[in-house]
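Some notes on the structure that comes next.
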Amino acid sequence: MLLLRISVIQIMVIYFTQLIQSHYLITARSPLGYNDRPIIGIVAQEASYHLRNVYNNAYSSYIAASYVKYIESAGARVVPIRLGRHESYYEDIMSKVNGVLFPGGSTNFTTRNGFFDTVGKIYSKLFKHAPKNIIDILKNQSVTANFHKLCVTMKKLKEVNLSNTYHVLSVNYDDNGLRYISTMEHFNMPFYATQFHPEKNSFEWATRLRGIPHSKNAIRVGQYFANFFVDEARKNFHTFVSKEEESSTLIYNYPITYTGPTRSSFEQCYLFIDN
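Start counting the sequence shown at 1; every next residue gets the next number (the UniProt record's numbering).
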């Protein structure tokens, strides 16, 4: 989640990073306490070949409903951030939402599924207040879903000059013993990245996909990440101009489609037509 996707999403991550920095630095100093009505923007993704084929190219982008449910389970509402819009659209939406989630993932990755090797937990924001049982579960049980074709290693992070910008918190190992980053966070800004899918544990049920854990502890771990993310967004007090504007922008305005029977990786999706 967050940093891994290709082409359009990579460009948008860079662009949104600049916007988030400018907007967050203003709101982080707010003396108002915590926002009890947080709204999270979820960036849409280009429709896969499968979705385009199944729906005869009727839709060009989508958001997996599991991401929406995941955010809602932690007490926030969701606004879709659509693709292919003018720059002013993204500047406007970033001034109104309290956080942004960048989906990711591509296909199965040959991994040992979810045993964390903690690297920087003691210094991190993401795990600083994590209950001991959550850390123990992550270190000793297979509770993370890994669905990615590529990975980021410590070496690659250093090669692109990000090792002094992002703090690596944990690593995983693939079936060939390759050590790759599984969680990291920005040293100064509220940017967090997981190279696994905590939202799938509770909300994706495709039996043909191996590696989605549904155990009680897997659910607990997934919920921990959701709660942390939304709690960080509660520190932001961006708002829409009016209740009417807010209501017209929420994900509730879009139909949800049961895509599971089409052999999609997702049980349900929000499907969009982009101009």
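Glycine included, C-beta positions come from ideal geometry on N, C-alpha and C.
If Ile40 and Gly99 are in contact, beta carbons under 8 Å, what's the gap, nearest whole angstrom?
-> Reading the sequence shown from its first residue, position 40 is the one you call residue 40. Reading the sequence shown from its first residue, position 99 is the one you call residue 99. The pair is a contact, with the Cβ atoms about 5 Å apart (cut-off 8 Å).
Start and end of the alpha helix (DSSP H) containing Leu157?
-> Position 157 of the sequence shown, counted from the start, is the residue given in the question as residue 157. Taken as a continuous stretch (DSSP letters only), the alpha helix (DSSP H) holding Leu157 covers Met154 to Glu159.
Report yes or no: do the region 66 to 73 and the region 155 to 165 share at least 3 C-beta pairs separated by less than 8 Å?
-> Result no; under three Cβ-Cβ pairs closer than 8 Å.
Nearest-angstrom Cα separation, counted from Glu185 out to Lys125 | Within the sequence shown, numbered from 1, the residue matching residue 125 stands at position 125. Within the sequence shown, numbered from 1, the residue matching residue 185 stands at position 185. If I take the Cα positions, the gap works out to 8 Å.
Can you give me the Cβ contacts of Val97 inside the same chain, cut-off strictly under 7 Å, excluding the 5 residues immediately before and after it?
-> Start at 1 with the first residue of the sequence shown, and residue 97 comes out as number 97. Hits under 7 Å: Ile39, Ile40, Gly41, Val79 and His238.
Segments assigned alpha helix (DSSP H), at least 4 residues, entirely inside the region 208 to 248 = 216 to 233
Return the Cβ separation of Arg82 and Ser66 in integer angstroms, given the expectation that the two are a contact with Cβ distance under 8 Å.
-> To locate residue 82, count along the sequence shown from 1; it is residue 82. To locate residue 66, count along the sequence shown from 1; it is residue 66. About 19 Å separates the two Cβ atoms, so there is no contact after all.
Closest Cα partner of Asp274 within the set Gly84, Leu169 and Pro198 | Within the sequence shown, numbered from 1, the residue matching residue 274 stands at position 274. For Asp274, the nearest C-alpha among the options comes from Gly84.
Output the distance between the C-alpha atoms of Lys128 and Leu169, rounded to the nearest integer angstrom.
-> Residue numbering aside, residue 128 sits at position 128 when the sequence shown is read from its first letter. Residue numbering aside, residue 169 sits at position 169 when the sequence shown is read from its first letter. For Lys128 and Leu169, the distance between alpha carbons rounds to 11 Å.
Provide the residue(s) that pair with Arg179 in DSSP beta bridges, ordered along the chain.
-> The count along the sequence shown starts at 1 and reaches residue 179 at position 179. DSSP lists Tyr173 as partners of Arg179.
What's the C-alpha gap between Asn227 and Arg234?
-> What you label residue 227 is simply residue 227 of the sequence shown in a count that begins at 1. What you label residue 234 is simply residue 234 of the sequence shown in a count that begins at 1. Between Asn227 and Arg234, the C-alpha separation is close to 10 Å.
Report yes if the C-beta distance between Ala145 and Lys216 is below 8 Å; otherwise report no.
-> Within the sequence shown, residue 145 is the residue found at index 145, counting from 1. Within the sequence shown, residue 216 is the residue found at index 216, counting from 1. In this structure, Lys216 does not lie closer than 8 Å to Ala145 by Cβ.
Going by CA-CA distance only, name the one from Leu138, Arg77, Lys149 and Ala218 that's closest to Thr183.
-> Reading the sequence shown from its first residue, position 183 is the one you call residue 183. Checked all of Leu138, Arg77, Lys149 and Ala218; the closest Cα to Thr183 is Leu138.
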